[in-house]
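As they're listed, the protein sequences go chains R and F.
Read in this note's numbering, the first sequence has 113 at position 110, and its numbers run on one by one without any break.
Read in this note's numbering, the second sequence has 125 at position 124, and its numbers run on one by one without any break.
Glycine included, C-beta positions come from ideal geometry on N, C-alpha and C.
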Amino acid sequence: MAVPEITESYTGSVNRLTLGATSQSGGTRATTVVVGGAANVVYGGSDTQAGERPVIAIDVLDSRPNDWPEYLSEPYKDVLDSPAAWAKKCVDEFGAEIICLKFDGIHPEKGDKGADHAVSVTREVLEAVGVPLILWGCGNDEKDNQIMPKVSEAAKGENCLIGTVTEGNYKSLTAIALADGHNLITEAPLDINIGKQVNILAADMGFPLEKIVTFQDTGALGYGVEYSYSIQERQRLAALSGDKMMAMPVICDVGHEAWRAKEAKSEDAPDWGRADKRGPMWEAATAICLLQAGADILRMRHPKAISTVKDFINELW
Amino acid sequence: MIAIGERINGMFGDVKQAIADKDKKVIQDLAAAQTDAGATYLDVNVGTAAADQEATMSWLVETIQETCRTPLSLDSQKPDVIAAGLKVADTSGGILLNSSPLNKKSDEEVLDRYIEMADGAGPDGKLITLTMDKNGVPQDVDTRVAVAAEIVQKAMEKGFGTDRLFIDPIILPINVPNAQIQPTNILDAIGQIKYLADPAPHITMGLSNLSQGTTQRSLINRVFLSMALSHGADSAIVDVLDDKLMEVLATTEILLNKQLYSDSYLKAYRSG
């Protein structure tokens with residue numbers, strides 16, 4: 004008896020989006036990255052329906068982090084004071100395809116640095132590496148609205164991915180990203196309905212839906228990864244059913260979230276196994292779980308976790 | 002929902018006049034407006050006034066496709082009129098043929114011909130069929146379902162996928178004597194027709210027919226649309242330019258969990 008064909012077919016697909024602009028497209032990037040494009044559920048359907056291979060963006064902070072556990076900062080100890088050297092190390096040694104420049108240092112409680120600092124860091128990193136950039140604010144609405152438009156302008160023409168905009172704070176960054184030709188990250192607090200709403204609001208300002216990446220908030224293993232998983236899965240199904248407001252590629256903040264878990268960072272817990280291995284494993288396990296929920300871009304931190312997840316991606320895509 | 006825009010029909014005064022005057026702009030404006038309002042297909046019906054129905058169908062199809070890429074629903078009970086439209090239609094984005102009964106006294110093989118035309122229009126060629134046979138329009142649930150079953154069987158015999166088949170259980174005006182039982186009959190029939198095949202055939206209906214001659218046309222149409230969708234219909238031939246109707250449609254899809262809710266879901270529906 005023949006095996007019945009049970010492959011589901013769908014009417015919609017996830018948008019394909021290019022990050023970075025080379026000199027032919029008005030930028031200075033040496034490489035560009037295409038994400039998205041899936042036309043089926045993860046691992047469902049044929050190879051051609053799988054879309055683009057998921058990519059890892061390695062985090063580089065604009066200022067030296069003072070709350071990173073030793074096992075996380077150790078691989079970067081010689082570059083933590085120089086975002087440009089840090090970014091270069093991520094590309095040259097750890098194979099970063101994208102650098103996520105995270106502006107923690109502009110947060111009022113984490114340094115409260117100004118626009119001059121943020122702009123010069125952006126320029127230095129653009130100069131130091133040829134990969135596309137993600138430019139991610141600090142999460143304080145007032146500071147982000149004040150500084151991120153300047154950061155956007157400093158990277159004009161580079162086709163970066165900039166964010167994040169939320170339901171309550173989307174107008175200024177959406178407008179400047181549109182003016183400077185960047186892609187936009189819309190953020191929602193683990194709430195699929197708000198996730199759709201932010202996309203509608205950005206679209207209503209004239210921002211092209213096909214240049215949006217959604218961030219549904221990430222929970223780490225043991226700290227809500229199941230919520231991220233089910234929301235991303237629901238988003239994929241909505242995209243496949245033809246909902247244009249939900250057909251965006253998905254980004255996850257794996258590194259930051261995984262390393263907040265005590266299981267990842269605690270150095271004084273011999274019963275939990277070796278601390279130098281525990282953190283990278285926690286980060287890798289979180290990432291792999293979210294890949295299965297349809298993540299397109301993973302923000303990550305520890306080189307060992309990154310190489311483990313890269314192997315996983317290369318094995319399956 | 003698969004919304005089939007009903008306005009390009011020679012039964013409407015403006016369209017009838019445009020056909021008589023060969024006034025392309027009226028037709029093209031209606032095509033654009035219905036597309037903007039969310040029509041999945043644009044129904045094209047020459048009406049009864051045109052002297053040469055085949056030539057009129059060709060003219061309408063060519064006129065619409067000069068400015069609009071929305072797939073068409075060629076609407077005629079005469080296979081030759083459909084064939085005339087098909088001859089000039091761009092079917093690459095899909096096409097719908099509207100419609101054939103199971104059979105007619107005058108033409109036992111009418112459904113075969115419609116299926117062959119739809120099949121010949123490419124993989125996205127689809128067909129609306131009516132739960133009606135040579136004995137006329139059934140009044141009860143069981144006969145409607147029985148006719149639908151014969152239609153499904155015929156499609157399967159001819160290798161025409163049931164997901165390319167639309168079944169219209171035929172809505173009659175609510176204001177004629179003894180017609181008030183019909184909406185419930187139709188809802189019951191819809192529920193049963195969905196189970197005749199896997200994949201299920203689509204269920205559509207000429208919604209505006211329900212309210213013909215009544216004083217509350219839009220209200221009756223939109224309330225019944227919501228009821229029909231909740232019983233399993235997934236398509237209707239409607240006035241997509243009726244904003245209130247389209248808002249009810251968007252809201253029903255939210256309540257049936259067919260679309261994700263968001264505070265601006267109506268805006269999303271209009272722009273989608």
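* Using a C-beta cutoff of 8 Å, does Leu261 of chain F count as contacting chain R? -> It does; some Cβ of chain R falls within 8 Å.
* To do: For Val45 of chain F, count neighbouring C-beta atoms within 10 Å of its own C-beta (all shown protein chains included) and say buried if the count is 16 or more, exposed if not.
  => buried
* To do: Taking only the alpha-carbon atoms, compute the straight-line gap between Val134 of chain R and Asp81 of chain R and give it to the nearest angstrom.
  => Straight through space, the alpha carbons of Asp81 of chain R and Val134 of chain R are spaced by roughly 21 Å.
* To do: Report the three-state DSSP secondary structure of Lys80 of chain R (helix, strand or coil).
  => coil
* Sorted by chain position, which residues of the same chain lie with C-beta nearer than 6 Å to Val154 of chain R's C-beta, five sequence neighbours on each side aside? -> Ala121, Thr125 and Leu138
* Going along chain F, which residues have a C-beta under 7 Å from Asp246 of chain R? -> Gln260 and Leu261
* Closest residue to Leu103 of chain F among F:Asp113, F:Met58, F:Asn179 and F:Asp235 (Cα-Cα distance) -> Minimum Cα distance to Leu103 of chain F is reached at F:Asp113.
* To do: Using a Cβ-Cβ cut-off of 8 Å, state whether Ala269 of chain F counts as contacting chain R.
  => Yes, Ala269 of chain F counts as interfacial toward chain R.
* Asked: What are the complete alpha helix (DSSP H) segments, minimum 4 residues, inside the region 37-101 of chain F?
  -> 54-68 and 80-89
* To do: Flag this pair as yes or no: are the beta carbons of Ala251 of chain F and Ile203 of chain R separated by less than 8 Å?
  => no
* Same chain only: Cβ atoms within 7 Å of Thr57 of chain F, ignoring 5 sequence neighbours per side -> Ile20, Val47 and Ala51
* Does at least one heavy atom of the ligand SAH sit under 7 Å from the Cβ of Leu208 of chain F? -> For the structure depicted, the ligand SAH is absent and the ligand set is empty, with no information on it obtainable.
* Asked: What three-state label does DSSP hand Ala251 of chain F in the structure shown?
  -> Reduced to three states, the DSSP call for Ala251 of chain F is helix.
* Using a beta-carbon distance below 8 Å, is Ile188 of chain R in contact with chain F? -> no
* To do: Anything in the region 131-157 of chain R with a Cβ closer than 8 Å to a Cβ of chain F? List those residues in chain order, please.
  => Those residues of the region 131-157 of chain R that come within reach of chain F (Cβ to Cβ, closer than 8 Å) do not exist; the list is empty.
* Check whether Thr35 of chain R and Gly23 of chain R have beta carbons under 8 Å apart -> yes
* For the beta strand (DSSP E) that contains Asn186 of chain R, what are its first and last residues? -> Asn186 to Glu190
* To do: Could you tell me which chain F residues have their CB closer than 9 Å to the CB of Asp207 of chain R, listed as they occur along the chain?
  => Ser265, Lys268 and Ser272
* Asked: Taking 8 Å as the CB-CB cut-off, is Ala42 of chain R touching chain F?
  -> no
* Asked: DSSP state of Cys304 of chain R, grouped into three classes?
  -> In the sequence as displayed, the identity of residue 304 of chain R is Arg instead of Cys. Coil at Arg304 of chain R, not helix or strand.
* Euclidean distance between Cα positions of Asp81 of chain F and Glu55 of chain F -> Cα to Cα, the separation comes out at about 7 Å.
* Asked: Helix, strand or coil: how does DSSP classify Thr177 of chain R here?
  -> Helix.
* Could you say if the region 51-66 of chain R and the region 306-318 of chain R meet the contact criterion of at least three C-beta pairs nearer than 8 Å? => yes
* Taking Met249 of chain R as the query, report the chain F residues whose CB atoms sit under 7 Å from its CB, ordered along the chain. => Result: Leu261.
* CA nearest to the CA of Thr311 of chain R, picked from R:Gln295, R:Gly198, R:Ser28 and R:Glu286 -> Nearest of R:Gln295, R:Gly198, R:Ser28 and R:Glu286 to Thr311 of chain R, Cα basis: R:Glu286.
* Roughly how many angstroms lie between the CA atoms of Leu87 of chain F and Ala178 of chain R, to the nearest whole one? -> 46 Å
* Asked: Looking at C-alpha atoms only, which residue of R:Lys265, R:Val94 and R:Val216 is the closest neighbour of Tyr226 of chain R?
  -> R:Lys265
* Interface partners of Lys214 of chain R on chain F, CB under 9 Å -> Those within 9 Å of Lys214 of chain R in chain F number zero; the least Cβ separation is about 16 Å.
* **Selection from R:Gly142, R:Leu136 and R:Ser233 that minimises the alpha carbon distance to Glu112 of chain R** => R:Gly142
* Asked: Thinking C-beta only, is Ala40 of chain F closer than 8 Å to Val241 of chain F?
  -> Contact: yes.
* Could you tell me whether the Cβ of Ala241 of chain R comes closer than 8 Å to any Cβ of chain F? => yes
* If you follow the beta strand (DSSP E) that Cys255 of chain R is part of, which residue opens it and which one closes it? -> Ile254 to Asp256
* By Cβ distance, which residues of its chain are closer than 7 Å to Ala157 of chain R, with the 5 residues on each side in sequence left out? -> Val122, Thr125 and Arg126
* Pairwise C-alpha distance: Thr36 of chain F and Gly140 of chain R -> 40 Å
* Asked: Near Gln193 of chain F, which residues of its chain fall below 6 Å by C-beta distance, leaving aside the five closest residues on each side in sequence?
  -> Val146
* May I ask you to list, following chain order, the residues of the region 53-80 of chain R that have a beta carbon less than 9 Å from some beta carbon of chain F? => none
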